[in-house]
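Have a look at the structure below, then the notes.
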Amino acid sequence: MAFGKVHIIAVLVKKELKLVFFDWIFYLTICAVFLISSFILENIIGSIQGRGIRAGSDPLIFPYLVAMSLSMVYISLSSVVSIVKEKNEGTLLVLFYGPIRLISYILSKYFKELIAYGVVVIFIVIYFLFISFLTNLNLSIEFVQIIISSFFLASCLIGLGLFISTLTTGITKAIILFILIVLGFSGIEILHRLLLNLSLVTGSTTLGYFRESAGIISKIMVVISPLSYFLRSYDAVYSKAPGAYSVYLCFSIIYTLFFLLCSRFMLKYKGIIPKG
Amino acid sequence: MRILKPRFVIIVCLIFYCIFVFSPVVQALVPIKQEQLIYGLSAFNGEDYLGRYRDIFCPQSEDTIYVLNDHDNVFLPTYSLVYFWPDKKAFFADRVSLNEPVKGRLEILRDGDIIRSLSKTKFVYFLPEGPYSTKTEVVVGKKAEVEYEKFCKAVVEREMLTRKFQSEQEQYQKRKRELQERIIEGEDIQGEVFPIAPQVPPELREDIPYVTEPVEVYLVNIEEGNYKMRIRAAGGKIVEKSEKNLVAISPRKKKGIGYEIIPEAKYSQREYSADWSENIYLADDDIFYLRPYSQERYNELEYEKAKDPQNEGSKEKWEWVRIEPRKDIFLQLHKRRKLIEEIMEKAYFVKSISGPTRSYTILEYRESEMPYSHFSGYKFDLSSKGRGTYTVRAIDLIDGKSIEFGERKIILVKNVDDWLLYLPVFLPALIGFLAFVRKKRNDFRVRDSNV
Numbered sequence: 001m002a003f004g005k006v007h008i009i010a011v012l013v014k015k016e017l018k019l020v021f022f023d024w025i026f027y028l029t030i031c032a033v034f035l036i037s038s039f040i041l042e043n044i045i046g047s048i049q050g051r052g053i054r055a056g057s058d059p060l061i062f063p064y065l066v067a068m069s070l071s072m073v074y075i076s077l078s079s080v081v082s083i084v085k086e087k088n089e090g091t092l093l094v095l096f097y098g099p100i101r102l103i104s105y106i107l108s109k110y111f112k113e114l115i116a117y118g119v120v121v122i123f124i125v126i127y128f129l130f131i132s133f134l135t136n137l138n139l140s141i142e143f144v145q146i147i148i149s150s151f152f153l154a155s156c157l158i159g160l161g162l163f164i165s166t167l168t169t170g171i172t173k174a175i176i177l178f179i180l181i182v183l184g185f186s187g188i189e190i191l192h193r194l195l196l197n198l199s200l201v202t203g204s205t206t207l208g209y210f211r212e213s214a215g216i217i218s219k220i221m222v223v224i225s226p227l228s229y230f231l232r233s234y235d236a237v238y239s240k241a242p243g244a245y246s247v248y249l250c251f252s253i254i255y256t257l258f259f260l261l262c263s264r265f266m267l268k269y270k271g272i273i274p275k276g
Numbered sequence: 001m002r003i004l005k006p007r008f009v010i011i012v013c014l015i016f017y018c019i020f021v022f023s024p025v026v027q028a029l030v031p032i033k034q035e036q037l038i039y040g041l042s043a044f045n046g047e048d049y050l051g052r053y054r055d056i057f058c059p060q061s062e063d064t065i066y067v068l069n070d071h072d073n074v075f076l077p078t079y080s081l082v083y084f085w086p087d088k089k090a091f092f093a094d095r096v097s098l099n100e101p102v103k104g105r106l107e108i109l110r111d112g113d114i115i116r117s118l119s120k121t122k123f124v125y126f127l128p129e130g131p132y133s134t135k136t137e138v139v140v141g142k143k144a145e146v147e148y149e150k151f152c153k154a155v156v157e158r159e160m161l162t163r164k165f166q167s168e169q170e171q172y173q174k175r176k177r178e179l180q181e182r183i184i185e186g187e188d189i190q191g192e193v194f195p196i197a198p199q200v201p202p203e204l205r206e207d208i209p210y211v212t213e214p215v216e217v218y219l220v221n222i223e224e225g226n227y228k229m230r231i232r233a234a235g236g237k238i239v240e241k242s243e244k245n246l247v248a249i250s251p252r253k254k255k256g257i258g259y260e261i262i263p264e265a266k267y268s269q270r271e272y273s274a275d276w277s278e279n280i281y282l283a284d285d286d287i288f289y290l291r292p293y294s295q296e297r298y299n300e301l302e303y304e305k306a307k308d309p310q311n312e313g314s315k316e317k318w319e320w321v322r323i324e325p326r327k328d329i330f331l332q333l334h335k336r337r338k339l340i341e342e343i344m345e346k347a348y349f350v351k352s353i354s355g356p357t358r359s360y361t362i363l364e365y366r367e368s369e370m371p372y373s374h375f376s377g378y379k380f381d382l383s384s385k386g387r388g389t390y391t392v393r394a395i396d397l398i399d400g401k402s403i404e405f406g407e408r409k410i411i412l413v414k415n416v417d418d419w420l421l422y423l424p425v426f427l428p429a430l431i432g433f434l435a436f437v438r439k440k441r442n443d444f445r446v447r448d449s450n451v
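Respectively, the protein sequence lines represent chains A and B.
Everything in the first sequence is counted per the working numbering, starting at 1 for the first residue and increasing by one.
Everything in the second sequence is counted per the working numbering, starting at 1 for the first residue and increasing by one.
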């Protein structure tokens with residue numbers, strides 16, 4: 001029985017992945033990722049060459065984070081669109097006349113996006129290996145750990161994206177809602193970090209209040225934002241805290257499972273055909 | 001043209017005067033001074049006493065004073081005129097107009113119990129390497145007075161020696177000029193005794209320890225924890241507005257070694273590596289010097305407040321604080337886990353080369369040839385060791401063990417043409433193109449079969 005479900009998921013994933021890998025937008029995204037990473041690296045290497053010497057953390061991390069976030073945008077939007085598109089086209093209903101269950105369908109969507117992200121990461125790793133060979137900038141163990149945590153972030157975002165996809169009726173609505181949620185998460189996180197880095201000169205109590213408020217909201221975000229899990233695991237990598245790192249990865253798994261179950265519930269509750 | 005009536009002119013002038021005087025802009029320029037009981041502070045910041053350089057105090061607006069645990073911290077409560085300066089966003093004290101020390105005993109309380117009742121004690125700053133010494137010590141009690149007297153005596157002796165040397169120098173110059181004039185006039189000076197240039201006395205070559213004037217202060221040295229403090233006047237009453245919270249902070253357990261990096265070619269452009277997760281990247285400068293120092297990690301808010309109660313910081317951030325140079329270690333250079341070189345600390349002399357671009361040559365210090373050394377450090381010359389990645393390890397001189405968090409990677413970055421960085425973009429573009437062509441071909445095939 002379980003094997004049958006796995007087989008169904010595998011067939012669905014294979015079918016979906018074929019579409020992804022023959023889609024030129026997928027490769028265009030990777031090209032854009034490479035182009036932006038190269039531009040950032042050009043600046044970083046230029047600054048090291050200009051100064052002659054520089055002390056700092058791994059210079060490949062920042063371009064990787066940018067590359068990762070760009071590919072994450074593609075993967076998340078693709079997950080947001082996936083179910084709502086089939087719902088609108090009416091193909092979803094046809095699918096459930098066969099032996100496919102709701103959970104198999106959702107899991108197939110989830111694994112499709114995750115594998116697609118994995119392929120993007122393979123491209124990115126090849127790119128950074130090439131850069132490392134060219135410049136002698138090593139790929140550190142921290143770099144590998146960050147790649148692993150980026151998978152967990154992708155997993156969370158795909159879960160959230162699928163949930164939004166089941167929640168809404170129109171593609172535009174789904175995309176706008178998802179962007180608003182992610183912007184809200186990242187905006188608060190970035191604002192909090194910016195406020196922490198502002199000048200330490202005293203006298204500005206307003207800044208203090210802002211900092212405190214952002215700090216409180218950030219504490220809430222620790223629980224509800226997948227981006228926060230990633231940033232905390234990133235901090236754990238650099239403070240050599242494997243315990244904290246594993247905890248945040250576990251949080252990501254729970255987060256993903258929660259939203260996948262919510263998606264199933266939502267599809268069952270709202271029905272697979274848009275109302276009206 | 002009609003001449004303006006004088007009354008009209010006076011009224012207009014008065015209006016303008018009133019607008020000018022009562023405008024908020026003008027009012028902001030005149031600070032309102034307020035008499036306050038303030039705690040003058042010279043708290044130890046791990047390396048030095050900042051109160052030595054500027055007036056640091058805790059105004060009434062701050063209710064907590066932070067200090068480092070188990071260190072002597074200087075407290076001097078006074079009544080002064082305090083004003084807020086908007087540009088600097090901080091309170092300043094006008095000590096010229098009012099600077100009256102608060103009399104009484106300083107009480108420190110923990111959980112409501114008085115654990116210390118301190119009376120004032122004489123204190124001086126003792127700078128062992130002279131007025132520009134990088135290290136400051138605090139001397140208290142009778143020893144402070146003794147040190148100050150010693151310093152005054154040494155200053156007088158030095159003054160006398162200086163005068164004596166100056167007069168010898170003047171006599172030498174005078175005799176030299178006299179002989180030169182006689183030579184110019186064509187006089188035969190054979191048989192004359194040529195003067196010998198007087199040498200700077202060895203006592204004048206080195207700075208004497210510098211000691212500040214003794215001041216009566218409270219010396220607070222407490223262990224980590226939260227306390228309350230207040231001043232009790234002679235009559236037994238608590239001095240009004242003297243109560244404050246007192247927090248003694250300690251560093252986070254993780255300690256490590258920080259490095260100051262001095263490139264040979266750019267001596268003045270130094271880099272610092274405090275965090276052990278950082279690497280040192282080199283592009284052209286294969287020769288550089290490392291100066292290791294011990295460091296401690298503090299909570300940013302607590303540490304910044306300990307430096308100056310008017311500073312701000314974040315409770316959530318941690319910062320590395322430089323403590324003192326590490327003299328009890330040596331450095332090892334490794335490549336692919338193989339020991340290449342053991343490097344010991346040496347003194348260096350810096351020679352600046354004048355020219356269109358300012359550059360430096362750093363030479364190993366030789367006492368006989370160079371007046372003094374500029375710095376001591378560990379020299380790394382990677383020019384003959386090939387490109388690649390190296391590791392620097394700090395080793396304890398006593399037990400020979402590698403010091404925790406004292407390791408750094410040195411990465412020699414290759415010079416690359418910019419276009420090479422953009423080369424990988426073609427890989428996904430090519431695969432994408434092939435995928436697109438194949439998809440189109442499939443689409444045509446499906447269409448053909450349908451037809």
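Cβ coordinates follow ideal geometry from the N, Cα and C atoms, glycine included.
Item	Value
What's the gap between the Cα of alanine 10 of chain A and the Cα of serine 57 of chain A?	41 Å
Is the stretch 395-409 of chain B in contact with the stretch 246-260 of chain B, if contact means three or more CB pairs nearer than 8 Å?	yes
For glycine 225 of chain B, write down the residues that DSSP places opposite it in a beta bridge.	B/Ala248
How should lysine 268 of chain A be labelled, buried or exposed, when 16 other C-beta atoms within 10 angstroms of its C-beta is the threshold for buried?	exposed
Would you verify that the beta carbon of leucine 35 of chain A is, or is not, closer than 7 Å to some beta carbon of chain B?	yes
With a threshold of 7 Å between beta-carbons, can leucine 200 of chain A be considered close to chain B, or not?	Below a pLDDT of 50, predicted positions are generally treated as unreliable, and leucine 200 of chain A, at 48, falls in that range; no measurement from the model is reported.
Spell out a yes or no on whether the stretch 230-246 of chain B and the stretch 160-172 of chain B are touching, meaning 3 or more CB-CB pairs, one atom from each, closer than 8 Å.	no
Spell out the partners DSSP gives aspartate 113 of chain B in its beta bridges.	B/Arg110
Beta-carbon within less than 7 Å of threonine 136 of chain B's beta-carbon, same chain only, minus the 5 sequence neighbours each way: which residues are those?	Asp48, Tyr49, Arg52, Tyr125 and Leu127
What does aspartate 418 of chain B touch in chain A if you count any residue whose Cβ is under 9 Å from its own?	Ser38, Glu42, Ile45 and Gly46
Does the Cβ-Cβ distance between valine 462 of chain B and serine 42 of chain B come in under 7 Å?	Because chain B is modelled from 1 through 451, residue 462 of chain B falls outside the range shown and cannot be assessed.
Rounded to whole angstroms, what is the Cα-Cα separation between methionine 68 of chain A and proline 226 of chain A?	14 Å
Tell me which residues of the stretch 249-270 of chain B have at least one Cβ-Cβ distance to chain A shorter than 8 Å, keeping chain order.	Tyr259, Ile261, Pro263, Ala265, Lys266 and Gln269
Check the DSSP bridge columns for serine 402 of chain B and list the partner residues they point to.	B/Ile395
Kindly say whether proline 428 of chain B, judged by its beta-carbon, lies nearer than 7 Å to any beta-carbon of chain A.	yes
If we define contact as Cβ-Cβ less than 7 Å, is alanine 116 of chain A a contact residue for chain B?	no
DSSP puts tyrosine 378 of chain B in a beta bridge; with which residues?	B/Leu290
Please tell me whether proline 63 of chain A and serine 47 of chain A are closer than 7 Å, where the distance is taken between their beta carbons.	no
My assumption, with CB atoms under 8 Å, is that valine 413 of chain B sits in contact with threonine 135 of chain A. Please give the rounded CB distance.	6 Å
Let's see if you can read the secondary structure: which residues bound the beta strand (DSSP E) around threonine 361 of chain B?	359-364
Could you please give me the residues that DSSP links to alanine 116 of chain A through a beta bridge?	Its beta-bridge partners do not exist; DSSP assigns none.
Are the stretch 426-438 of chain B and the stretch 362-376 of chain B in contact at 8 Å, needing three or more beta carbon pairs?	no
Could you check what DSSP says for leucine 277 of chain A in three-state terms: helix, strand or coil?	Chain A is shown only over 1 to 276; residue 277 of chain A falls outside these bounds and no answer can be derived.
Is there a Cβ from chain B that is less than 7 Å from the Cβ of isoleucine 53 of chain A?	yes
Closer than 8 Å by C-beta to threonine 64 of chain B: which residues in its own chain qualify, once you throw out the five before and the five after it? Chain order, please.	Lys244, Asn245, Leu246, Val247, Lys305 and Pro309
Tell me the rounded alpha-carbon separation between valine 73 of chain A and leucine 35 of chain A.	16 Å
Using a threshold of 7 Å, state whether the C-beta atoms of lysine 122 of chain B and glutamate 216 of chain B are closer than that.	yes
Find out if the Cβ-Cβ distance for the pair asparagine 138 of chain A, threonine 389 of chain B is shorter than 7 Å.	yes
Quick check: the stretch 99-119 of chain A against the stretch 12-27 of chain A, are there 3 or more CB pairs under 8 Å?	yes
If you follow the alpha helix (DSSP H) that alanine 144 of chain B is in, where does it begin and where does it stop?	142-184
Less than 7 Å between the C-beta atoms of glutamate 278 of chain B and alanine 55 of chain A, yes or no?	yes
Do the stretch 175-193 of chain B and the stretch 89-99 of chain B meet, that is, are 3 or more Cβ pairs less than 8 Å apart?	no
Quick one: using the 10 Å Cβ neighbour count with 16 as the cut-off for buried, is lysine 120 of chain B buried or exposed?	buried
Which partner residues of aspartate 58 of chain B appear in the DSSP bridge assignment?	Note that residue 58 of chain B is cysteine in the sequence shown here, rather than aspartate. Answer is B/Tyr39.
Are the CB atoms of glutamate 145 of chain B and proline 59 of chain B nearer to each other than 7 Å?	no
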